[in-house]
Structures are given as C-alpha cells and as structure tokens.
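The structure appears below as structure tokens.
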Amino acid sequence: MTENTRNILPFFIPHLGCPHRCIFCNQYSVSGEELCPTQEEIGAAINKWEGETLPEIAFYGGSFSGLSQREQEYFLRPAFEALKKRRVGGIRISTRPDYINEEILDFLKGFGVSTVELGVQSMDDEVLKKSCRGHSPDDVVRAVRLIKEKRFKVGVQIMPGLPGDTWEKSIKGAFFLAEMEPDLARIYPTLVLKDTSLHKLFLKGKYCPLSLDDAVEVSRDLLAVLLKFGVNVIRIGLQPTKNIAEGARIAAGPFHPAFGELVKAALFREQIVWAVNLLFQKKVSPRIGLFVSYRDCSLAAGHKRNNLHYL
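Everything in the sequence shown is counted per the numbering used here, starting at 2 for the first residue and increasing by one.
Right, dumping it as structure tokens:
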C-alpha cells in the first residue's frame, strides 16, 4: 500500500471559482478556513517551511481553474516564483472535471503547476445528478485524457455513499477510473456536514449515510481496486480539521480520526484470510505461521488489535 510522502503545504480557497453548491459541500467545515490567503501569506508560509524536503504547494477548495486567469495568477505567482528559485518542489491544484480544457491547462503549465486533482466523486450519472454536481462521467473521461496529454500528473477523488450510490456503483466506477491510469487518488466517504443540502435531506429522513463499518468495507474494496492498477492512494477519509475533529460541523456519517488506518488494516486482514484459506485448501499444515514486515505490524494487528482478535 503506497502513500504519498511528499510534504504538502496547503492553501484553501473556499468556494472561489465554483458556481455550483454540491449537495454535500461546506468548504468552511472541511478546511476550517473562511478567507482566502493573500500573496504575502503564501510567501510567508513558504519562507517558514522547515521540512526536510521541499514542500509541494497545493491550492484546495473551490474550483481553482474556474477562477479568472487574473485570480489564478494572483495565487500562483508567489508559488511559481518560489518554484523557480527551487524553494518548493511542485505546485498542484484541485478543480472540477468540467473546468478543464486545453487553454486552462496551458495556462496552468505556464505557472509551474504539475498536478491536477479532479473532484470526480462518482462515475454514475444518477449519483452525480442527485448530488447536484453539474458534471457527467463523460466530463471526467475528457478531463483525465486532456490532463494526461498535457503531461500533468492527474489525481481523482472518490466519494462513496452519496445519494443514490451503492457498493456496486462505487466499485464499477473505481475500475473505470483505474483503467484510465490516474497517478493518484483519494477516497472520502460521504459525511453529512451541517448547513448543507444533504443535511436537510438527512433531517427529513430522505438520506441515510453509510455506517462506519459499511464505509470501511466499501473503502477497503475501492482501495484494493486502485492498488491493483498501481494507483497511488494518498488519502483515505477526511483529514480532521479543528471543526471536523471536534465534531462541531458533522451532523452524521462515518467519520473516524484514524479512518485510513481502519481501511488499510481491513484490507490487510482480508489478504491474510485469503492466504490462510488457500493454505487450508491445499492441506499444507494444520498450523500456519504468519510473518509480516516490521513496518506492517500495526496493519497486521489492526486498529486496537482488531485483526488479531478476528483471527
């Protein structure tokens, strides 16, 4: 299981460039940021960086490529100047699949952007419509193709558990995405955030979020599909901000501060069970020893040693 170890220096631009208000979205809850950073703040954060490796500047929130070129340049300029001076290792942005075209990508390339992450969420048209995404699966295919043709790295974000979603739809979408060979992926099970349209549906009893166990199960299977195709899964589960960690902005849904570890441990357990069953079928021995790499001991044991108790 791979994890991106490059240090990310994130800047959040909540809702800018995005005229859509998706059913699940509350950028303040996710990022904890209400105001956009200034050029001075971006430059100061770069200057204060003390990591052992160069940071990668990331612009998250909103839909970056939906901004005017003047606005995009405002945010990119200090990062690009630092990139030219070799004080940062790269620049990435996140955006919507329908906000990608050749002109946009050429502009981003001119300011040193090397990675474009797409908020795909689902590859099922019904799920996208019920979530008020405003884009289609075809938009995703076109965007990924263009991004790869322009020699950017491309990332995809998947959100199982949206209205109308099923395990089958999520897994089918993961196979479809994986076959397009994205460089990286994120898996974020849907949470019900306060002050969203999804929250209103939840209060009316018209939406039921995934349980924690179900979210771990579908995320485990999504992870297995992506890893099978060599996709680098860089995050599983929403990163706890102060608002998220304290639960102040979550109305319902499968949030867990160590969600990624739960999922990776669940996949590790599934692989162990498969191997053990195979050995029993071959009647190799009535006793089986399990040897794992030192770095995988925690995954083999599972969160709170759940895997050991299961086995």
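We put the beta carbon where it would ideally sit given N, CA and C, even for glycine.
Excluding the 5 residues flanking it on each side, Ile-9 has same chain C-beta neighbours closer than 6 Å at Glu-57 and Ala-59, in chain order.
Per the DSSP secondary-structure output, Ser-294 pairs with nothing in a beta bridge. A Cβ-Cβ contact shorter than 8 Å links Phe-25 with Ser-132. Note: Gln-122 is bridge-paired with Ile-159 in the DSSP secondary-structure output. Non-local beta-carbon contacts of Leu-263 in its own chain, meaning distances under 7 Å to residues more than five positions away in sequence, involve Val-217, His-257 and His-304 in chain order. Of all C-beta pairs linking the segment 171 to 188 to the segment 196 to 207, fewer than three are shorter than 8 Å, placing the two stretches out of contact. Per DSSP, the beta-bridge partners of Tyr-61 are Phe-13. Arg-93 is bridged by DSSP to Ala-59 and Thr-116. The straight-line gap separating the alpha-carbon atoms of Leu-55 and Arg-88 is approximately 6 Å. Looking at Asp-214, Pro-11 and Val-193, the one whose alpha-carbon comes closest to that of Trp-50 is Pro-11.
About 17 Å separates the beta carbons of Pro-15 and Gln-40, which is beyond the 8 Å limit, so they are not a contact pair. For Leu-185, the closest alpha carbon among the candidates Leu-300, Ile-101, Ala-301 and Gly-120 is that of Gly-120.
When the alpha-carbon of Leu-129 is set against those of Leu-163, Glu-150 and Phe-108, the nearest one is in Leu-163. Listed in chain order, the non-local C-beta contacts of Gln-73 below 8 Å within the same chain comprise Phe-65, Ser-66, Phe-108, Leu-109 and Phe-112, local neighbours out to five positions each way being set aside. Shown here, Arg-71 sits in a helix according to DSSP, grouped into three states. In the DSSP assignment, Ala-253 forms a beta bridge with Val-193.
Scanning its chain for C-beta atoms nearer than 7 Å, with the 5 sequence neighbours on each side dropped, one finds around Ala-253 the residues Val-193, Phe-203 and Pro-210, in chain order.
Within 10 angstroms of the beta-carbon of Thr-167 lie fewer than 16 other beta-carbons, which makes it exposed.
When DSSP reads this structure, Lys-154 sits in a beta bridge with Thr-116.
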